[in-house]
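Residue numbers (my numbering), protein chains in the order written: chain A, 1 to 380; chain B, 1001 to 1350.
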Amino acid sequence: MKQDINSPFRNPKDVEELSKAIRYITTQEWNIMEICGGQTHALAKYGIEDMLPSEIRLIHGPGCPVCVTPVSVIDNAVMLSMQPDVCLCTFGDMMRVPGTCDDLLSAKAQGGRVKMVYSPLDALRFAEENPRLQVVFFAIGFETTLPIYALTILEACRRKIKNFSILPALVSVPPAMEALLSDPENIIDGFLAAGHVCAVTGMQEYRLLSNQWQVPIAVTGFEPSDLLYGIFLCVSRLESGKIGVDNAYSRIVGFSGNMSALRDITQVFDRADQEWRGLGVLRNSGFKINEKYKQYDAVKRFQLKQKQPVPDRCEAGKILSGKIMPYECPLFCKECFPEHPLGAPMVSSEGVCSAYYRYKRNNYDKNQSYTNLSVAHNRL
Amino acid sequence: MIKTNPTQICPLPITDYEQIMLAHGGGGKLTQRMIEQLFFPAFNNEYLGQEHDGAVIPVREGRLAVTTDSFVVNPIIFPGGNIGDLAINGTVNDLACCGAVPMYLTASFILEEGFSMADLKRIVDTMSIAARKAGVKIVTGDTKVVEKGKGDGIYINTSGIGIVPDGIDISPMNAVPGDVVIVSGLIGQHGITVLSTRDSLGFETEIKSDTAPLNGMISDLLAAVPEVHVLRDPTRGGVSATLNEIARKAQVTIEIDEALLPVGKQVSAACDLLGLDPLCVANEGIVLVFVPESQSEKAIEVLRNNIWGRNAAVVGRVSAKGHGTVTLKTLYGGCRIVDVISGEQLPRIC
């Protein structure tokens, strides 16, 4: 890690040129949705929206895996962590996402065994080192993280590690895009597809989607130049009427994706219907562990039941489908803060409400006094 | 592990342990022995040598600055230092940021049964060296031992006393519109070093903690630029938490410029990878300085002449009276809020 490989894509001059080019070609109003929560945060963090013409409205999509993980799965994770002899491992993002009653951090404080890891392979190693514990990895994510889960299960099988399983909440991007497009109230004119997802899956599914729904899609990265280039390509298509798929992230994404990652995914997972928090159950929009590797499925191992979702006050569904912006939610900055989230989009580092809160809340409520920020931080 | 001699038959009490035993905190002979053989030689000075219930130290005229701090870092040894460096430098820097000349420190150790005696010696030796470098004396202390499993190896508390010279008035309340904000060094070095050393993350960097005693540099600064308004070391919560605290206390708006922030390439890359903001990452060897704009060049010159201030840079300004907000001008001319993190920074999934 000797040099910042992204630095060429943060060059202010290039960014300015791309911004000018977008202004030059834009003649009418367009609603463009960036799918990925990472992109939403990058847009807010770098102030990219300030560089766009007023005709372009960015809508922030459902591409934060933490945000769309169903409450019932979080409840199961919390319940498992409280079982004797079970250790629940997961990524840092998932620790503070509220379930029906508790999040995993609270479960940990109450004596639950919860371990934050950076890779499921670390959880597997932990299982190997602690044969008396049942180690469950709470696996959330899109196609980006799917290959590492597949690899971990294949590794567990190869190393004959039997005290390891996965609690899955795994989702696929294209079915969610299709659900958004088929909504009669849909207002999306074009998409920025998530570059890292496409690095795994390739672009074939997106081409089919674009043809079927006559919507332009630009596969886009996460640096300022990447984001503006993706927007530029999308607007170019919309302005010219020549609908299709562009690759604005060609240094990472190939048309066919990562064949070896796809092979591992197919080996371990089958497509399945999946519930998305806020959006409901979408057909074929998720992945489940297949019959061959079912012994690694925590749902089966612990005979977990999926409870009916309890309606909550969070407007995640409307926000993640672009029907309202975070600041239009009546709870935003009034009852819902990162310190007291009422829904996942306010928790995750990729959540859209968290992005608006962290970087832009002053733009929408200048008179609000954010006293919750006044918590004095103890000095070191 | 106990050192035994197989030929020894007389069951004399064993006193030479390689690990901390509960009896080391019992107040008996083992405690006494540890104090005499480990702490006294390392921290040797006339006040500690009084062997009293507390240290009796002469009082000078002027104002006293007092601070206390507890250190629970995990891992206890990391590139660039260990918990002992932090325990001395942290308290010294807190005193220096009050405008004080740090003088005397106390040191309390909470040790877990089974903790390695060799590691304890290493930490105590480090504290001795750090105290000498900072020009402070450890004048009294305490040791307690908790049962195995009821601590995390070692916790250290240090308290400190310093003298604030006449004419020096440093306080977060003093930040006023027209001040510039200076950062004395690269940000985020300590936090990323500690994160990268934790097993659970397991990525490698060549970054070292920036832990350092800043009292010498701050003393030079105050001698050359007596109009310094605010000094703060942005430790836990990073630069963003400290700036927000100052903005709120002084009821001002602080604007910083992303292009001017000194961030090392490795910290920047690690933060990108983990989804962290360098502004929210902990530091242990830098100070934020607020001075009137007319004094900023002189302040930068003095800081850069010091080994710990070579990367000092003006990063922003106090723009107006306000409601205690901190904003950042992005590299591309946009503007965003600089927020305080909610709880611990959690690495992201993708």
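Here a beta-carbon is modelled for each residue, glycine too, at the ideal position from N, C-alpha and C.
Legend entry - Within-7 Å CB hit, R358/A to chain B: yes
Inset, instruction - Could you tell me which residues DSSP pairs with A169/A in its beta bridges? - result: According to DSSP, A169/A bridges with I140/A.
Inset, instruction - Return the bridge partner residues of A1313/B from the DSSP annotation. - result: DSSP lists V1183/B as partners of A1313/B.
Inset, instruction - Tell me whether D50/A sits in a helix, a strand or coil according to DSSP, three-state version. - result: helix
Legend entry - C-alpha gap between L133/A and S81/A, whole angstroms: L133/A and S81/A: Cα-Cα distance of roughly 11 Å.
Inset, instruction - Please state whether DSSP places P195/A in a helix, a strand or coil. - result: This sequence places Gly at residue 195/A; Pro is not what is there. Looking at G195/A - three-state DSSP - the assignment turns out to be helix.
Inset, instruction - Check the DSSP bridge columns for H60/A and list the partner residues they point to. - result: E34/A
Inset, instruction - Give me whichever residues DSSP pairs with Q1019/B in a beta bridge. - result: Paired residues: S1116/B.
Legend entry - C-alpha distance - L1331/B paired with V1230/B, whole-angstrom precision: For L1331/B and V1230/B, the distance between alpha carbons rounds to 27 Å.
Legend entry - Exposure label - M1217/B; buried when at least 16 CB within 10 Å: So M1217/B ends up on the buried side.
Inset, instruction - Check the Cβ-Cβ distances between G1334/B and every residue of chain A, and say whether any is below 7 Å. - result: yes
Inset, instruction - Examine chain B for any beta-carbon lying closer than 7 Å to the beta-carbon of D50/A, and answer yes or no. - result: yes
Inset, instruction - Flag P12/A as yes if its beta-carbon sits less than 7 Å from any beta-carbon of chain B, otherwise no. - result: yes
Inset, instruction - Examine the Cβ distances between the segment 1320-1337 of chain B and the segment 8-20 of chain A and report whether three or more of them are shorter than 8 Å. - result: Yes: the two stretches touch, three or more of their Cβ pairs being nearer than 8 Å.
Inset, instruction - Can you pull the chain A residues whose beta carbon is under 8 Å from the beta carbon of I1337/B, in chain order? - result: R358, Y359, K360, R361 and N362
Legend entry - Contact belief for T26/A with V235/A at Cβ below 8 Å, rounded distance in angstroms: 6 Å
Legend entry - Top-ranked residue by Cα proximity to W213/A, from V245/A, L228/A, V200/A and L227/A: V245/A
Legend entry - Continuous beta strand (DSSP E) stretch holding K294/A: start and end: Per DSSP, K294/A belongs to no beta strand (DSSP E) and is neither H nor E.
Inset, instruction - Going by CA-CA distance only, name the one from Y1155/B, V1287/B, S1209/B and V1225/B that's closest to V1145/B. - result: Y1155/B
Inset, instruction - Please state if the CB of G1316/B and the CB of V1281/B are separated by a distance shorter than 7 Å. - result: no
Inset, instruction - Please report how far the alpha carbon of Q368/A lies from the alpha carbon of D122/A, in whole angstroms. - result: Low local confidence applies: a pLDDT of 40 at Q368/A is under 50, so the model's placement there is unreliable, with the coordinate-based value given in what follows. Looking at the two C-alpha atoms, the distance is approximately 44 Å.
Inset, instruction - Assuming E1113/B and E1147/B form a contact by the criterion Cβ under 8 Å, report the distance between their Cβ atoms to the nearest whole angstrom. - result: 5 Å
Legend entry - Proximity of P131/A and N284/A at Cβ, strictly below 7 Å: Between P131/A and N284/A, the CB-CB gap reaches or exceeds 7 Å.
Inset, instruction - From the DSSP output, in three-state form, read off G1081/B for me. - result: In this structure, G1081/B counts as strand in the three-state DSSP scheme.
Inset, instruction - Return no unless some Cβ of chain B is closer than 7 Å to the Cβ of Y46/A. - result: yes
Legend entry - Length of the line joining the Cα atoms of E29/A and I1254/B: 36 Å
Inset, instruction - Spell out the partners DSSP gives R1336/B in its beta bridges. - result: L1328/B
Legend entry - Proximal residues to I1163/B (C-beta, below 7 Å), its chain only, five neighbours per side dropped: Excluding positions up to five away in sequence, the list reads R1060, G1062, L1064, A1100, V1101 and M1103.
Legend entry - 7 Å Cβ cutoff, V15/A in contact with chain B: V15/A counts as touching chain B.
Inset, instruction - Pull up the distance between the alpha-carbon of L238/A and that of S1294/B, whole angstroms please. - result: 53 Å
Legend entry - Runs of alpha helix (DSSP H) lying entirely within the segment 112-165 of chain A, each at least 4 residues, in chain order: Here the runs fully enclosed are 120-129 and 146-158.
Inset, instruction - Can you say whether T1242/B is buried or exposed, counting buried as having 16 or more other CB atoms within 10 angstroms of its CB? - result: Counting the other Cβ atoms within 10 Å of the Cβ of T1242/B gives 16 or more, which makes it buried.
Legend entry - is_contact[L1331/B, chain A] using C-beta, thresh 7 Å: Judged by the 7 Å Cβ criterion, L1331/B is in contact with chain A.
Inset, instruction - May I ask you to verify whether the segment 324-342 of chain A touches the segment 104-118 of chain A, counting CB pairs closer than 8 Å and requiring at least 3? - result: no
Legend entry - Burial state of Y24/A (16 or more Cβ within 10 Å): By the Cβ-count criterion, Y24/A is exposed, with fewer than 16 other Cβ atoms from all chains shown falling within 10 Å of its own Cβ.
Legend entry - Counted within 10 angstroms of its Cβ, other Cβ atoms place T1068/B as buried (16 or more) or exposed: exposed
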